[in-house]
Amino acid sequence: MVDSCNPASVPGAIPVTAPASGTDSSFALRVPILEYHRIVPFAQAGDSRRSLVVPPATFAAQLDVFKKAGWHTITMATLANDLQARIKPPAKTFVITIDDGWDDGYTYALPILQQDGFVATYFVIAGRIDLPGILTSAHLQALVAAGEEIGDHTMDHVRLTQQTYKQLTYQIDAAAARIAQVTGYWPESLAYPYGSVSAGVEAGVAACQGLRIAVVEKGGTAKVVVLETWANRFAVPRIEISSGTKMATLLADLGG
Ligand SMILES: [Zn+2]
Numbered sequence: 003m004v005d006s007c008n009p010a011s012v013p014g015a016i017p018v019t020a021p022a023s024g025t026d027s028s029f030a031l032r033v034p035i036l037e038y039h040r041i042v043p044f045a046q047a048g049d050s051r052r053s054l055v056v057p058p059a060t061f062a063a064q065l066d067v068f069k070k071a072g073w074h075t076i077t078m079a080t081l082a083n084d085l086q087a088r089i090k091p092p093a094k095t096f097v098i099t100i101d102d103g104w105d106d107g108y109t110y111a112l113p114i115l116q117q118d119g120f121v122a123t124y125f126v127i128a129g130r131i132d133l134p135g136i137l138t139s140a141h142l143q144a145l146v147a148a149g150e151e152i153g154d155h156t157m158d159h160v161r162l163t164q165q166t167y168k169q170l171t172y173q174i175d176a177a178a179a180r181i182a183q184v185t186g187y188w189p190e191s192l193a194y195p196y197g198s199v200s201a202g203v204e205a206g207v208a209a210c211q212g213l214r215i216a217v218v219e220k221g222g223t224a225k226v227v228v229l230e231t232w233a234n235r236f237a238v239p240r241i242e243i244s245s246g247t248k249m250a251t252l253l254a255d256l257g258g
């Protein structure tokens, strides 16, 4: 068990190469980040909360709305690069994130993403890799090979605000190192389980070498305001998507 954010602690893992930081503090991006959990038929979703489940056909239809409107995706890591280098991505750029590392992210979500030429950032719970129903090491390696990003969603999916400092750094750092061991790449982004975040938690993420951006949940889709700045890079809002989300309305709210 490696409990360190020093890239040298995982031999062979490719460290993060971040661009130089710019100096324009007024620089801000408006790149919406969609938040999914499970892409699976309801009948196969076990006792997962319904609001967290989007059946594959619905997922495909939702993404098609963005595709037909001319939108394209980048990963969270690319968004961090753009923010750091003060690069404005083209209009109609968005991010797709999929939390919790269920294996339906590989079996159902990946082929649909690929059909549209989209990529996603998968936030995986490092301590659950290879468990039944969860993405395996081989899945994660295949996702990386397909151009998807694997992000840190902590070791055990705990509320980070309720941890001691030692527990906090373990949840963030050991998870990052575990992901690097499995995928060969240091993770660059993190999602706070349950959206549980404080200034102290953000500082813990910022202290982990390689992690450069982190996301929280944002309930509902009405009056969507998405803004990424250098100052809020460790508390970036997301838009939760459910099977009932009206994508045309969402696009209109996003100005697309
Ligand atoms: Zn989660």
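Count along the sequence shown starting at 1, add 2, and that's the number in my numbering. Glycine included, each C-beta is placed from N, C-alpha and C at the ideal position.
Worksheet item: Among E219, L253, A254 and M249, which has the Cα closest to the Cα of P239?
Response: Position 237 of the sequence shown holds residue 239. Considering only alpha carbons, the answer is E219.
Worksheet item: The alpha helix (DSSP H) spanning D5 covers which residue range?
Response: The count along the sequence shown starts at 1 and reaches residue 5 at position 3. That residue, D5, is in no alpha helix (DSSP H); it is neither H nor E in DSSP.
Item to complete: Hey, could you find the ends of the beta strand (DSSP E) A216 is sitting in?
Response: Residue numbering aside, residue 216 sits at position 214 when the sequence shown is read from its first letter. A216: member of the beta strand (DSSP E) spanning I215 to V217, first to last residue.
Discussion item. Give me, in chain order, the residues of the same chain whose beta-carbon lies closer than 8 Å to that of Q116; leave out the 5 immediate sequence neighbours on both sides.
Written reply: Translated into positions along the sequence shown, residue 116 becomes position 114. Closer than 8 Å at Cβ, skipping near neighbours: A148.
Worksheet entry | Pairwise C-alpha distance: M157 and S2 | No answer is possible for residue 2: the residues shown for the chain start at 3 and end at 258.
Worksheet item: In three-state terms, what does DSSP make of I152?
Response: Within the sequence shown, residue 152 is the residue found at index 150, counting from 1. If DSSP states are grouped into helix, strand and coil, I152 belongs with the strands.
Discussion item. Rounded to whole angstroms, what is the Cα-Cα separation between I89 and L256?
Written reply: By 1-based counting over the sequence shown, the position of residue 89 is 87. By 1-based counting over the sequence shown, the position of residue 256 is 254. One C-alpha to the other measures close to 20 Å.
Worksheet item: Can you find a CB in chain D that lies within less than 9 Å of the CB of S28?
Response: The structure shown contains no chain D; it is built from a single protein chain.
Practice prompt. Reducing DSSP to helix, strand and coil, say where R52 ends up.
Written response: To locate residue 52, count along the sequence shown from 1; it is residue 50. Note: R52 maps to helix in three-state DSSP.
Worksheet entry | Cβ-Cβ separation, A176 to M3 (assumed contact under 8 Å), whole Å | On the sequence shown, position 1 is the one that residue 3 refers to. On the sequence shown, position 174 is the one that residue 176 refers to. M3 to A176, Cβ: 6 Å. Contact.
Item to complete: Answer with buried or exposed for R214, where buried requires no fewer than 16 other C-beta atoms within 10 angstroms of its C-beta.
Response: In the sequence shown, counting from the first residue as 1, residue 214 sits at position 212. Its Cβ being crowded by 16 or more others within 10 Å, R214 is buried.
Discussion item. On a Cα-Cα basis, can you pick out the residue from L36, Y110, A22 and I35 that is closest to P58?
Written reply: Walking along the sequence shown from the start, residue 58 turns up at place 56. Checking every option, the nearest Cα to that of P58 belongs to Y110.
Worksheet entry | Spatial distance of Y38 from I100 (CA atoms) | The residue you call residue 38 lines up with position 36 of the sequence shown. The residue you call residue 100 lines up with position 98 of the sequence shown. Taking C-alpha positions only, Y38 is separated from I100 by approximately 5 Å.
Worksheet item: With a cut-off of 8 Å, do at least 3 Cβ pairs link the segment 43-55 to the segment 91-98?
Response: Using a C-beta cut-off of 8 Å, the segment 43-55 makes no contact with the segment 91-98, since fewer than three inter-stretch Cβ pairs fall below that distance.
Discussion item. Does G119 pass the burial test, meaning 16 or more other C-beta atoms within 10 Å, or should it be called exposed?
Written reply: Start at 1 with the first residue of the sequence shown, and residue 119 comes out as number 117. The residue in question, G119, is exposed, as its Cβ has fewer than 16 Cβ neighbours within 10 Å.
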